Ligand code: FCB
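Residue numbers (my numbering): 66 to 534.
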């Protein structure tokens, strides 16, 4: 299959638009108990029989804790502007409170300095789900104390890394931590209780707001924000019950997070639906949550089709699916970004994750992952389309740099643009990585070419024509 080339019409992105690749600590680092690291809730969850599809864990993962230097060379070779990674909280503060772990802090200091040395901007996420297990023993995110432990952690990290970090994300995808971790229980810590899940959402948001307040008071100059997983919701039919349910699901996924962050309120319809399961809110919480941010990150993979009758069978739509069974629907990204911009007073937006799992075949030292290239190219084109419609976009990051531990799916699902052989830890650039590298080279050449004439205007109408693959 030849990748479709949306760049026949897509030209140059604006100067300053940030191109990146993303990973997270638990999914790549390994070294689960090395150099003083404490267990995270994911280390514990992986031991629960049946929790992970292939019964695997994060003990070794991509062995990035050992291979970080050559991984940074790989990132530099791709020519990206930025690397989005996360810090493992239990690696730097093993019990989540009390003593800090120097060896863990050293690791991230070396990583950040290694990025800067290679001219790559560090985009740091504080919480990509691997909460110290010791805090879970005290109630985890359901307990209000964890909010304050998180603020201490945020301050400790920024104190150590100073102003070397370009961008700091407090939380990655609070919906996933709350709903998958505490309502359906398919992710760590594996709790199945809706009231707990909703209290967790509130504490995550509160800790985000209080951390921003503390870091600003400390004089931290990094850009500060949060990353949400969002999808447009489409009703399965025009029937009133499908439309009603779609509105509620949109409320639970999108407005439940966007409204408090930008307006300082939870949506009334969702509060009414939750009834007694709504979270306890203390005086001042909503004001703290709605502190202005410097950026908002959006992770986009697919849309959701909502049917009042229950589960919607994705096969019905006839769209191509990824190996996760998710519809490939780039138009949804444009729709989402335009809506964010229309409905909320948003700061510059990033697509902080976007990519696809596909059944790759490693043949003669190559991975011809045309579907992944096609997926990424079409979604980049969807970002450009949103910009043409007036949305202020700051950057785009591919999920993921490496094949890695895909949570409850274990190592069975591969999202990387770089192939990882888990036996040898050898890394091989897939065709999608080669394509991304070429695309970024073209973007840079176009920047250099146009910097003198300072072209502006719609993304698809600048004078420099770039061809795609
Ligand atoms: C997102 C997660 C990321 C990865 C992708 C596929 O929800 O943030 O860690 O698992 O999905």
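Every residue, glycine too, gets a C-beta built ideally from N, C-alpha and C. As the structure is a computational prediction, the values presented were derived from the model and not from experiment.
Go through its chain and collect everything with a Cβ distance to residue 535's Cβ below 6 Å, but skip five positions before and after it. Missing from the structure shown is residue 535; the chain here goes from 66 to 534 and no further.
Would you check whether ligand 1 has a heavy atom nearer than 7 Å to the C-beta of residue 89? yes
At what residues does the alpha helix (DSSP H) containing residue 134 begin and finish? 129–143
Rank 412, 401, 264 and 130 by C-alpha distance to the C-alpha of residue 153 and give the top, closest one. 130
Compute the minimum distance between the beta carbon of residue 201 and the heavy atoms of ligand 1, and state whether it is under 7 Å. no
According to DSSP, simplified to helix, strand and coil, what is residue 79? coil
As a quick exercise: from 296, 420, 216 and 324, pick the residue whose alpha carbon is nearest that of residue 275. 216
Report the rounded CA-to-CA distance for residue 247 versus residue 514, giving the unit in angstroms. The straight-line gap from Cα to Cα measures roughly 51 Å.
Give the DSSP-derived three-state secondary structure of residue 392 in the structure shown. strand
Beta-ladder partner(s) of residue 357, from DSSP: DSSP output for residue 357 lists no bridge partner at all.
Is there a Cβ of chain C sitting closer than 8 Å to that of residue 403, yes or no? You won't find chain C in this structure, because it holds only one protein chain.
Evaluate residue 290 with the Cβ neighbour count: other Cβ atoms within 10 Å of its Cβ, from every protein chain shown; 16 or more gives buried, anything less gives exposed. buried
Residue 395: which of 451, 359 and 192 sits nearest, CA to CA? Ranking the options by Cα distance to residue 395, first place goes to 451.
Quick check: the Cα distance between residue 146 and residue 309, rounded to an integer number of angstroms? 43 Å
Can residue 419 be considered in contact with ligand 1, in the sense that its beta carbon sits closer than 7 Å to one or more heavy atoms? Incorrect: residue 419 has no Cβ contact closer than 7 Å to ligand 1.
Apply the 10 Å Cβ neighbour rule to residue 331 and answer buried if 16 or more other Cβ atoms are within range, or exposed otherwise. Counting Cβ neighbours within 10 Å, residue 331 comes out buried, since at least 16 surround it.
Determine the direct distance from the alpha carbon of residue 383 to that of residue 223, and round the result to whole angstroms. 47 Å
Cβ separation of residue 263 and residue 343, assumed to be a contact under 8 Å, to the nearest whole Å: Yes, they are in contact, since the Cβ atoms of residue 263 and residue 343 sit about 6 Å apart, within 8 Å.
If you measure from the CB of residue 452, is any heavy atom of ligand 3 nearer than 7 Å? Ligands present in the displayed structure are limited to ligand 1, and ligand 3 is not among them.
DSSP three-state call for residue 418: helix, strand or coil? For residue 418, the three-state secondary structure derived from DSSP is strand.
Ignoring anything shorter than 3 residues, give me the beta strand (DSSP E) runs that lie fully in the region 131–215, in order along the chain. Taken in chain order, the complete beta strand (DSSP E) segments of 3 or more residues contained in the region 131–215 are 147–151 and 186–192.
Would you grab the beta carbon distance between residue 174 and residue 226 for me? Rounded to a whole angstrom, and I think it's under 8 Å. About 7 Å separates the CB atoms of residue 174 and residue 226; that is less than 8 Å, so the two are in contact.
Member of 439, 368, 299 and 98 whose CA lies at the smallest distance from the CA of residue 197: 98
Start-to-end residues for the alpha helix (DSSP H) that takes in residue 376: That residue, residue 376, is in no alpha helix (DSSP H); it is neither H nor E in DSSP.
For residue 475 and residue 123, I'd like the C-alpha separation in whole angstroms. 9 Å
Using a 10 Å radius around the Cβ and a threshold of 16 neighbouring Cβ atoms, would you call residue 444 buried or exposed? Buried is the call here.
DSSP three-state assignment for residue 237, whether helix, strand or coil: strand
Are there 16 or more other CB atoms within 10 angstroms of the CB of residue 182, so buried, or fewer, so exposed? exposed
What's the call for residue 380, buried or exposed, on a 16-neighbour Cβ count within 10 Å? Using a 10 angstroms sphere on the CB of residue 380, the tally of other CB atoms stays under 16, which defines it as exposed.
Would DSSP call residue 514 helix, strand or coil? helix
Rounded to whole angstroms, what is the Cα-Cα separation between residue 81 and residue 221? 30 Å
Checking 8 Å against the spacing of the C-beta atoms, do residue 254 and residue 202 come in under that value? Not closer than 8 Å, so no.
What is the DSSP secondary structure of residue 300, reduced to helix, strand or coil? strand
Can you check whether the CB of residue 228 is closer than 8 Å to the CB of residue 286? yes
Between the region 335–351 and the region 387–403, can you find at least three pairs of beta-carbon atoms closer than 8 Å? no
Which same chain residues end up closer than 6 Å to residue 128 when comparing Cβ atoms and leaving out the 5 residues on each side of it in sequence? Excluding sequence neighbours, residue 128 sits near 95 and 490.
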